[in-house]
Amino acid sequence: QSVLTQPPSVSGAPGQRVTISCTGSTSNIGAGYDVHWYQHLPGTAPKLLIYANSNRPSGVPDRFSGSKSGTSASLAITGLRADDEAEYYCQSSDSSLSLVFGGGTKLTVL
Amino acid sequence: EVQLVESGGGLVQPGGSLRLSCAASGFSFSSYWMHWVRQAPGKGPVWVSRISSDGSIITYADSVKGRFTISRDNTKNTLYLQMNSLRAEDTAVYYCARKGPSPYGLDVWGQGTTVSVSS
Numbered sequence: 003q004s005v006l007t008q009p010p011s012v013s014g015a016p017g018q019r020v021t022i023s024c025t026g027s028t029s030n031i032g033a034g035y036d037v038h039w040y041q042h043l044p045g046t047a048p049k050l051l052i053y054a055n056s057n058r059p060s061g062v063p064d065r066f067s068g069s070k071s072g073t074s075a076s077l078a079i080t081g082l083r084a085d086d087e088a089e090y091y092c093q094s095s096d097s098s099l100s101l102v103f104g105g106g107t108k109l110t111v112l
Numbered sequence: 027e028v029q030l031v032e033s034g035g036g037l038v039q040p041g042g043s044l045r046l047s048c049a050a051s052g053f054s055f056s057s058y059w060m061h062w063v064r065q066a067p068g069k070g071p072v073w074v075s076r077i078s079s080d081g082s083i084i085t086y087a088d089s090v091k092g093r094f095t096i097s098r099d100n101t102k103n104t105l106y107l108q109m110n111s112l113r114a115e116d117t118a119v120y121y122c123a124r125k126g127p128s129p130y131g132l133d134v135w136g137q138g139t140t141v142s143v144s145s
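In structure tokens form, the structure reads like this:
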């Protein structure tokens, strides 16, 4: 069982908007630690998608956005494309400065 | 090209040992903190260990403390994970990852190396 809770799966049609939630606690997200999001295709290296709650690394399209409030965070993807189909993970830290992850959300583009 | 390449995974019996390596290229390896993260089949990623840029600060997840040792050789641009007293629950894909400059997360990952612990 992962420290951060994500829905196992979400889906949407091309062009639509989907959101992925990430719920933590007062020991991690709620304690003020940043949330980062990663995109992972099987057999490839995970890719940093959003850092520090809402920032996009260079090269990540603005279709991807992140937000954080209280003990939760969310990743939104607009204008869904077939190549967005992947596993998405959230990550934060806890009071011992260990990294904590969500269990992952499988995005299916219908 | 910025790259991390893991190696050293394989099949090992319970109680055995393995040493994983992570070769870095395309960036100033000695300037970055590095992490090991593992992912068991069908599960989310789990943080294993971190090491500071000069190797002076090291932390471990409780699940591996006393069994795993992280180290680095900045002259060889290589990160290591020595894994002893392996258990079935250590079976996972092991990734090395670079901690980006604050407030970045893990901004560069390898493709992983598979460790299977079974008799």
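Going down the list, the sequences are from chains A and B. Quick note on numbering: my numbering labels position 23 of the first sequence as 25, and the sequence is numbered without any gaps. Quick note on numbering: my numbering labels position 43 of the second sequence as 69, and the sequence is numbered without any gaps. For every residue, glycine included, the Cβ atom is placed at its ideal position computed from N, Cα and C.
Need the endpoints of the beta strand (DSSP E) that residue i sits in, please.
| i | result |
| --- | --- |
| Pro71 (chain B) | 71 to 77 |
| Phe103 (chain A) | 101 to 103 |
| Lys49 (chain A) | 49 to 52 |
| Gly14 (chain A) | 11 to 14 |
| Gly36 (chain B) | 36 to 38 |
| Trp135 (chain B) | 132 to 135 |
| Phe55 (chain B) | Per DSSP, Phe55 (chain B) belongs to no beta strand (DSSP E) and is neither H nor E. |
Could one say the Cβ of residue i lies closer than 7 Å to chain A's Cβ atoms, at least one of them?
| i | result |
| --- | --- |
| Pro40 (chain B) | no |
| Asp133 (chain B) | yes |
| Pro71 (chain B) | yes |
| Gly136 (chain B) | yes |
Would residue i pass as a contact of residue j if the rule is Cβ separation under 7 Å?
| i | j | result |
| --- | --- | --- |
| Thr139 (chain B) | Leu46 (chain B) | yes |
| Val143 (chain B) | Ala118 (chain B) | no |
| Leu44 (chain B) | Cys122 (chain B) | no |
| Leu50 (chain A) | Asp133 (chain B) | yes |
| Ala84 (chain A) | Val111 (chain A) | yes |
| Gly106 (chain A) | Gly136 (chain B) | no |
| Tyr91 (chain A) | Phe103 (chain A) | yes |
Taking the beta carbon of residue i as the centre, do at least 16 other beta carbons fall within 10 Å, making it buried, or is it exposed?
| i | result |
| --- | --- |
| Ser100 (chain A) | buried |
| Lys148 (chain B) | Outside the displayed span of chain B (27 to 145) sits residue 148 (chain B), for which this structure offers no information. |
| Gly92 (chain B) | exposed |
| Gln18 (chain A) | exposed |
| Lys70 (chain A) | buried |
| Pro10 (chain A) | exposed |
Could you check whether the Cβ of residue i sits closer than 7 Å to any Cβ belonging to chain D?
| i | result |
| --- | --- |
| Tyr130 (chain B) | Of the protein chains in the structure, A and B, none is chain D. |
Is residue i close to chain B, meaning its C-beta is less than 7 Å from at least one C-beta of that chain?
| i | result |
| --- | --- |
| Phe66 (chain A) | no |
| Asp36 (chain A) | yes |
| Ser95 (chain A) | no |
| Ala54 (chain A) | yes |
| Leu109 (chain A) | no |
| Gly32 (chain A) | no |
| Leu101 (chain A) | yes |
| Ser27 (chain A) | no |
| Leu77 (chain A) | no |
Using 8 Å as the Cβ pair cut-off and three pairs as the minimum, do the region 20 to 40 of chain A and the region 53 to 67 of chain A touch? A contact exists between the region 20 to 40 of chain A and the region 53 to 67 of chain A.
Does the region 75 to 92 of chain A come close enough to the region 22 to 33 of chain A that 3 or more CB-CB pairs lie under 8 Å? Pairwise C-beta distances place the region 22 to 33 of chain A in contact with the region 75 to 92 of chain A, as three or more of them are shorter than 8 Å.
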